[in-house]
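Comments concern the structure below.
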Amino acid sequence: MKILVTGGLGFIGSSLVEFLLEKKNSSEIHVLNHLLTEKTKRNYDRLRDRVRIHVMDVCDEAGVSALFERERYDTVIHLAARAGVRESSAIPGIYRRNNIEGTLVLLEAVRRHAPAARCVLASSSTVHAEPVTSFYGLTKKVMEQMAELYCRLHGLNIVCLRFFSVYGSDCRNDLLVGRILECIREQRSLEIFGDGSIRRDFTHIEDTLEAIRRTIQTPIQGFHVMDVGTGENHSILDVVEVIRGMRPLEVVHVSRNREDQEVSRARVDDALRVLGFRAGIDLHTGLRKTIEKTPQQMR
Numbered sequence: 002m003k004i005l006v007t008g009g010l011g012f013i014g015s016s017l018v019e020f021l022l023e024k025k026n027s028s029e030i031h032v033l034n035h036l037l038t039e040k041t042k043r044n045y046d047r048l049r050d051r052v053r054i055h056v057m058d059v060c061d062e063a064g065v066s067a068l069f070e071r072e073r074y075d076t077v078i079h080l081a082a083r084a085g086v087r088e089s090s091a092i093p094g095i096y097r098r099n100n101i102e103g104t105l106v107l108l109e110a111v112r113r114h115a116p117a118a119r120c121v122l123a124s125s126s127t128v129h130a131e132p133v134t135s136f137y138g139l140t141k142k143v144m145e146q147m148a149e150l151y152c153r154l155h156g157l158n159i160v161c162l163r164f165f166s167v168y169g170s171d172c173r174n175d176l177l178v179g180r181i182l183e184c185i186r187e188q189r190s191l192e193i194f195g196d197g198s199i200r201r202d203f204t205h206i207e208d209t210l211e212a213i214r215r216t217i218q219t220p221i222q223g224f225h226v227m228d229v230g231t232g233e234n235h236s237i238l239d240v241v242e243v244i245r246g247m248r249p250l251e252v253v254h255v256s257r258n259r260e261d262q263e264v265s266r267a268r269v270d271d272a273l274r275v276l277g278f279r280a281g282i283d284l285h286t287g288l289r290k291t292i293e294k295t296p297q298q299m300r
């Protein structure tokens, strides 16, 4: 099986590539990613001898089409996106380009050159907000609608997985757990937006990767959308208190961002029914695993 992972040098993407390599399932893994950050460059150096990496912008229509025509992928996992709620209203054009136009380029390449491929598209818990609260959430909602249309018009097979507050030792530093790790490392206070009562379904990266693995191994026809989370939620302060049981951490409260959802929690029934997937890592265990895998200077 030949697998393409777009965004395969990011947090979830590079973790997924490592996860698939560890499974030793004889798949040929390809990665499509820009080298825009120091982290993606480090991941490139770490993975380049074990997978085929195509340094390319997912919005490069000619380049992506030529790649698909040449490689004829069996499985496509589309993780490439501009992520983050707070930035999205300040630079909506970049989010539109990366998340909507990039997905359209990918869908066209699949339609033309890999119509039988199993496709997984990374969506987000933010699409559940009614009405939508952020431009980022809007781009993900449009992405899902485009995928559904392509399945209906062109017979593609696509599963959109809505990820919920994914965290782990290498997560982005604009996410809560990533910011906490950075604050511990730099010995500074954590800024909490609002009173800390916002609740999220925090999902450990290992559970997220297992959900993706089950999705690409399950013969699913047509279009489907599933939440990937624990089905439970915890407040920001809950996370802080768990971390404080392992490491010293000071907090300061700042104004809440009005684009933040008040509450998010995954609806786990579909993933359990279709994939047999149930998240197995609770918050305390996941945060402990995250701390244990952090660089030595944090210990």
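Position 125, counted from 1, in the sequence shown is what this note's numbering calls 126; the numbers after and before it change by one each time, with no gaps. Glycine residues also receive a C-beta, built at the ideal position from the N, C-alpha and C atoms.
On the CB-based measure, 16 or more other CB atoms within 10 Å of its CB, does residue 285 come out buried or exposed? Classification for residue 285: exposed.
Which of the three DSSP states, helix, strand or coil, is assigned to residue 91? DSSP, reduced to helix, strand and coil, places residue 91 outside both helices and strands of the structure shown, so it counts as coil.
Taking residue 209 as the reference, give the member of 133, 282, 226, 137 with the closest Cα. For residue 209, the nearest C-alpha among the options comes from 282.
Close-in-space but distant-in-sequence residues of the same chain around residue 110 (CB under 6 angstroms, 5 per side omitted): Cβ contact annotation for residue 110 (same chain, cutoff 6 angstroms, sequence separation greater than five): 65, 66, 69, in chain order.
Distance between beta carbons of residue 250 and residue 184, contact taken as under 8 angstroms: Sure, about 7 angstroms apart at Cβ, within 8 angstroms.
Distance between beta carbons of residue 35 and residue 3, contact taken as under 8 angstroms: Rounded, the Cβ-Cβ distance is 21 angstroms, inconsistent with contact.
DSSP state of residue 183, grouped into three classes? Reduced to three states, the DSSP call for residue 183 is helix.
Extent of the continuous alpha helix (DSSP H) run through residue 212: Under the DSSP assignment, residue 212 falls in the alpha helix (DSSP H) whose first and last residues are 206 to 218.
With DSSP run on the structure shown, which of helix, strand or coil describes residue 303? Residue 303 falls outside the range modelled here, since the chain spans only 2 to 300, and no answer is possible.
How would you write the range of the alpha helix (DSSP H) that residue 52 sits in, first residue to last? Unbroken run through residue 52: none, as it is neither H nor E.
What number of angstroms, rounded off, separates the C-alpha of residue 99 from the C-alpha of residue 39? If I take the Cα positions, the gap works out to 19 angstroms.
Can you check which of these residues, 86, 161, 167, is closest to residue 223 by C-alpha distance? Of all alpha-carbon atoms in 86, 161, 167, the one lying nearest the alpha-carbon of residue 223 is that of 161.
Between the Cα of residue 126 and those of 11, 234, 97, spot the shortest distance and give me the residue it belongs to. Nearest option by C-alpha distance: 234.
Between the stretch 146 to 165 and the stretch 104 to 118, can you find at least three pairs of beta-carbon atoms closer than 8 angstroms? Contact holds: three or more Cβ-Cβ distances are below 8 angstroms.
Looking at residue 274 and residue 226, is the spacing between their C-beta atoms short of 8 angstroms? Result no, Cβ atoms of residue 226 and residue 274 do not sit closer than 8 angstroms.
If you run the structure through DSSP and keep just helix, strand and coil, what is residue 24? Helix.
Take residue 192 as the anchor and find which of 216, 202, 200, 255 has the nearest alpha-carbon. Among 216, 202, 200, 255, the Cα nearest to that of residue 192 belongs to 255.
Let me know the secondary structure DSSP gives residue 302 once reduced to three states. What the structure shows of the chain is the stretch from 2 to 300, and residue 302 is not part of that stretch, so it cannot be assessed.
Rounded C-alpha distance that separates residue 159 from residue 47: One C-alpha to the other measures close to 30 angstroms.
Quick check: the Cα distance between residue 214 and residue 21, rounded to an integer number of angstroms? Using only the alpha carbons, I get a separation of about 8 angstroms.
According to the neighbour-count rule (16 or more other Cβ atoms, all chains shown, within 10 Å of its Cβ), is residue 298 buried or exposed? With a pLDDT of 42 at residue 298, under the threshold of 50, the modelled position of that residue is not reliable, and no figure is offered here.
Where do the N-terminal and C-terminal ends of the beta strand (DSSP E) with residue 276 fall, by residue? Run containing residue 276: none in the beta strand (DSSP E); it sits in the alpha helix (DSSP H), 270 to 276.
Would you kindly check if the distance between the Cβ of residue 237 and the Cβ of residue 287 is under 8 angstroms? No, Cβ-Cβ distance for residue 287 and residue 237 is not below 8 angstroms.
Host beta strand (DSSP E) of residue 110 (start-end): Taken as a continuous stretch (DSSP letters only), residue 110 belongs to no beta strand (DSSP E), being part of the alpha helix (DSSP H) at 103 to 114.
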